[in-house]
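Below: one structure, written as structure tokens.
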């Protein structure tokens with residue numbers, strides 16, 4: 001999926017926020033803690049969550065990679081949790097991932113795209129914007145080119161953290177999810193069905 005986040009830039013290097021979203025002034029443990037905990041668990045399982053590396057370190061590891069290579073890391077900005085770093089046609093860049101009341105969305109400083117589509121988890125967000133390697137897809141209506149000159153955000157290949165090698169079980173799980181829309185209904189033993197449901201994504 002090709003997206004335009006308005007002006008995709010090195011947001012992590014900015015001290016203030018330019019976006020139009022407001023931040024909630026309270027923390028609801030009943031809603032936020034389970035959502036954030038589950039998302040972080042899924043990210044750690046994915047193998048392409050790089051933790052607390054800086055924007056400069058992310059840029060360095062992505063510099064020689066192909067367009068569309070991406071990773072997720074902790075945000076350097078105290079008001080954000082996570083950041084998506086990706087190699088675009090203009091080079092490596094980082095986009096903050098916004099969170100509020102159980103949903104995540106990509107930050108946009110575009111006046112014509114005040115808020116991009118939101119998702120219940122970071123993995124579902126990434127999966128939505130990801131396109132198969134070597135293919136082009138039409139952008140969603142909300143992600144069309146805008147007069148602010150945004151950079152197309154094309155996600156293809158996750159970049160696994162060095163030393164993090166997915167198990168054969170996990171790789172098999174990804175293949176099953178990639179080829180089945182209802183993996184929970186497959187004729188498999190309950191322990192295997194539970195294992196599939198623990199990570200319901202294909203990336």
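Residue numbers (UniProt numbering): 1 to 203. Ideal Cβ positions, reconstructed from N, Cα and C, are used throughout, including at glycine. Please read these numbers as outputs of a predicted model, since none were measured by experiment.
Legend entry - Collapsed DSSP secondary structure at residue 49 in the structure displayed: Of the three classes helix, strand and coil, the one that applies to residue 49 here is strand, per DSSP.
Legend entry - For residue 94 and residue 186, the rounded distance between their alpha carbons: Taking the straight line joining both Cα atoms gives about 38 Å.
Legend entry - Spatially closest choice to residue 91 from 199, 182, 174, 153, by CA coordinates: For residue 91, the closest of 199, 182, 174, 153 by C-alpha to C-alpha distance is 153.
Inset, instruction - Could you pull out every unbroken alpha helix (DSSP H) segment of at least 4 residues lying fully inside the segment 84-123, listed in chain order? - result: The segment 84-123 contains no complete alpha helix (DSSP H) run of 4 or more residues.
Legend entry - Whole-angstrom distance between residue 87 and residue 62, CA atom to CA atom: Taking the straight line from one Cα to the other gives about 6 Å.
Legend entry - Close-in-space but distant-in-sequence residues of the same chain around residue 96 (CB under 7 Å, 5 per side omitted): Here the set comprises 11, 75, 77, 80, 83, 107.
Inset, instruction - Give the secondary structure of residue 71 by DSSP, where H, G and I count as helix, E and B as strand, and everything else as coil. - result: DSSP places residue 71 in strand when its eight states are reduced to three.
Inset, instruction - Counting only the same chain and skipping the five closest in sequence on each side, list residues whose C-beta sits under 6 Å from that of residue 52. - result: Cβ within range, chain order: 74.
Legend entry - 9 Å Cβ cutoff met for residue 200 and residue 47: Cβ distance not < 9 Å, so residue 200 and residue 47 don't count as in contact.
Inset, instruction - Keeping to the same chain, check which residues put their C-beta closer than 6 Å to that of residue 59; ignore five residues upstream and five downstream. - result: In the same chain as residue 59, and ignoring 5 residues on each side of it, the C-beta atoms closer than 6 Å to its own belong to 92, in chain order.
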